[in-house]
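**Student:** One structure coming up, written as structure tokens, with questions to follow.
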Amino acid sequence: MKLSAFLLLMVIAFSSCSEDDISGTQKKCKEILANLPTTEHKTLGMSAHSAESSGVNFYYRDKKIVLATVATYDESNRSNTQYFFDDNELICVVQDDYVYNRPTYMTEERALKDGDSVWYDDSKTKMTTTRYYFYDGRMVKWINKDNKVIPETNKKYDFQAAILLRDAEKIKKMSGVNVE
């Protein structure tokens, strides 16, 4: 019985963190965004990352990366992803995805010519936001596009965390900042 109680306490202690636990990270991200005008900035193209176009912007303070924004575009959607860093460590990823109602090449003229009654209309674009929070090199909270917390027990949780941490390491290397 004592073992069961201990295991239950451990599961509760190490389960997904609460809003209070990420409030410090959220505050830090807001500070980073508010201070962008005073940061150093560098832009790189990343044409191999997307079929259409993409780019990454790096923002630095005191020779350390604080934010990287990655924008990718194609004919059906676009994605803007922000990687927030504190002392060169990933603390948060915010991904805004925009899905178009039709491919961007489907103009009104082309649609009518093809006998279609629907064409690309940016006002019909749907946007979703997914947030990932990190602490000490591990993902501690994942809030999906429906604003629901994905539990750490979800089979995709560790996989998604590994992808984001890998991407953050690539971004740090691309930034040219000494991250040691």
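So in UniProt numbering, spot 142 of the sequence shown is number 142, and the numbers just go up one at a time. Idealized CB from N, CA, C, for every residue including glycine. All values derive from a computational prediction rather than experimental measurement.
Compute the Euclidean distance between the alpha carbons of residue 115 and residue 103, then round it to the nearest angstrom.
**Tutor:** Rounded to the nearest angstrom, the two C-alpha atoms are 16 Å apart.
**Student:** Taking DSSP as the reference, what is the three-state secondary structure of residue 91?
**Tutor:** Looking at residue 91 - three-state DSSP - the assignment turns out to be strand.
**Student:** Can you name, in chain order, every residue of its own chain whose Cβ lies under 6 Å from the Cβ of residue 267, other than the five neighbours on each side?
**Tutor:** Given that the chain is displayed from residue 1 to residue 180, the structure contains no residue 267 and the question cannot be resolved.
**Student:** Does the Cβ of residue 106 have 16 or more other Cβ atoms within 10 Å, making it buried, or fewer, making it exposed?
**Tutor:** That one is buried.
**Student:** What residues match up with residue 68 in a beta bridge as DSSP calls it?
**Tutor:** Note: residue 68 sits in a beta bridge opposite 58 and 83.
**Student:** Can you tell me whether residue 116 is helix, strand or coil according to DSSP?
**Tutor:** Correct three-state label for residue 116: coil.
**Student:** For residue 62, tell me which candidate among 126, 85 and 70 has the shortest Cα-Cα distance.
**Tutor:** The option with the nearest alpha carbon to residue 62 is 85.
**Student:** Per DSSP, what kind of secondary structure is residue 157 in: helix, strand or coil?
**Tutor:** The answer is helix: DSSP assigns residue 157 an H, G or I state.
**Student:** From residue 176 to residue 21, what distance separates their C-alpha atoms?
**Tutor:** Each residue's Cα considered, the two are about 31 Å apart.
**Student:** Can you give me the start and stop residues for the beta strand (DSSP E) that residue 128 sits inside?
**Tutor:** Looking at the DSSP string, the run of the beta strand (DSSP E) that includes residue 128 is 126-135.
**Student:** Three-state secondary structure (DSSP) at residue 174?
**Tutor:** Reduced to three states, the DSSP call for residue 174 is helix.
**Student:** Since residue 100 and residue 83 are thought to touch, with beta carbons under 8 Å apart, how far apart are those beta carbons, to the nearest angstrom?
**Tutor:** Rounded, the Cβ-Cβ distance is 24 Å, inconsistent with contact.
**Student:** Rounded to whole angstroms, what's the CA-CA distance from residue 72 to residue 81? Just pull it up for me.
**Tutor:** Near 9 Å, if we compare the C-alpha coordinates of residue 81 and residue 72.
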